[in-house]
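Numbering (the working numbering), first residue to last: -9 to 219.
We put the CB at the ideal spot given by N, CA and C, even for glycine.
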């Protein structure tokens, strides 16, 4: 397990955000890895209390990918297949996860900033307190996953698939959800006021408990064929 010197410094002074999300607790002076310590015999990658530079793992197949207290910068996992993953207190910056298949990813206090996530499939994921910001997340798939207390800010999320996902207490701000599928999603406590809902796929019962603004309410009424008297 790769490990650097850890001086635990909660980022953002440990303050919660609008979604009740806690930012990752990252080491104050993480060690920089010269190379990623991939175990070729087991196809496992385990990182702890460190920082990576630009590394290409595009198309790789991993049995396991665990990371705790890690900052990944410019790492490419484009087209990768990860069969199991556990991420705690991790920040991805300018990373490429486009068309990656991530199975059973457990993510808590994770941030993905300025990343390429186009076509990423998060199969049977369990994400809590995750931030996705400034990223290309078109066509991402979170179908039937758990995505609680997460924030999606200033992303491209058109035609994304959240059907059947648990989006309890999550926030969408500055995101276009054009033709996104939220059919059967759980939206209790979700804040959609900052999202463009034009053409969204959703049922009347799905939006129960979600917060929307007046203009969005009119758009949803039009989509769902509701009459406002």
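- Residue state for residue 24 is assigned as coil, using DSSP reduced to three classes.
- The distance from the Cβ of residue 174 to that of residue 153 is about 6 Å, consistent with a contact at the 8 Å cut-off.
- Take the alpha-carbon of residue 204 and the one of residue 158: they are about 21 Å apart.
- Pairing residue 90 with residue 97, the inter-Cα distance amounts to about 16 Å.
- For a cut-off of 8 Å, the C-beta gap from residue 59 to residue 16 is around 6 Å, short enough to register as a contact.
- Shortest Cα-Cα distance from residue 145 to any of 26, 87, 117, 106 involves 106.
- Residue environment for residue 51: exposed (fewer than 16 other C-beta atoms within 10 angstroms of its C-beta).
- Under the DSSP assignment, residue 167 falls outside any beta strand (DSSP E); it carries neither an H nor an E label.
- With respect to the 8 Å criterion, residue 119 and residue 140 are classified as neighbours on the basis of their beta carbons.
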